[in-house]
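> Sending over a structure as structure tokens; questions will come in a sec.
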Amino acid sequence: MIEDRDLLSIQEVRTKIEKAYSAWLECRTFSQERFDSVVERMAAAARANAKRLADVRSMKTVGFLRELPEEKVVEMGVPRGLVAAGLLRAPAAGGV
Numbered sequence: 003m004i005e006d007r008d009l010l011s012i013q014e015v016r017t018k019i020e021k022a023y024s025a026w027l028e029c030r031t032f033s034q035e036r037f038d039s040v041v042e043r044m045a046a047a048a049r050a051n052a053k054r055l056a057d058v059r060s061m062k063t064v065g066f067l068r069e070l071p072e073e074k075v076v077e078m079g080v081p082r083g084l085v086a087a088g089l090l091r092a093p094a095a096g097g098v
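Each residue of the sequence shown is one higher than the one before, counting from 3 in the numbering used here.
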């Protein structure tokens, strides 16, 4: 059986987008208290992993990454766009 890695990666992205959309639809139904709880857990996880997250910032992701001569492999990073982002906004004074 021939495996087309490009088609598989496209399908993987489509599946992830569908899951993200489903999650977004569910989040739209959250009360403010539930949403606050989710955001606090995200913040706690970020605080607990701050050092590891800071190390990722300095990780090289574009251009020549590494060479594995024994496997005859050269890894190159290519910009592919935004992967994910989390944005938090403080409520306006006196309201949501």
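Just so it is clear, CB atoms sit at the ideal spot from N, CA and C, and this is done for glycine as well.
(1) Leaving out five residues on either side along the sequence, give the residues of the same chain with a beta carbon under 8 Å from the beta carbon of Gly65.
(2) Note down, one range per segment and in chain order, each alpha helix (DSSP H) of at least 4 residues found wholly within the region 32–76.
(3) Taking only the alpha-carbon atoms, compute the straight-line gap between Asp6 and Phe32 and give it to the nearest angstrom.
(4) What are the boundary residues of the alpha helix (DSSP H) that Val15 is part of?
This is what the structure gives:
(1) To locate residue 65, count along the sequence shown from 1; it is residue 63. The beta carbon of Gly65 sits closer than 8 Å to those of Met78 and Gly79, all from its chain and outside the five residues before and after it, given in chain order.
(2) Whole alpha helix (DSSP H) segments, 4+ residues: 34–50 and 52–59.
(3) Position 4 of the sequence shown, counted from the start, is the residue given in the question as residue 6. Position 30 of the sequence shown, counted from the start, is the residue given in the question as residue 32. Each residue's CA atom was taken as its position, placing Asp6 and Phe32 some 40 Å apart.
(4) The sequence position of residue 15 within the sequence shown is 13, counting from 1. Per DSSP, Val15 belongs to the alpha helix (DSSP H) from Arg7 to Cys29.
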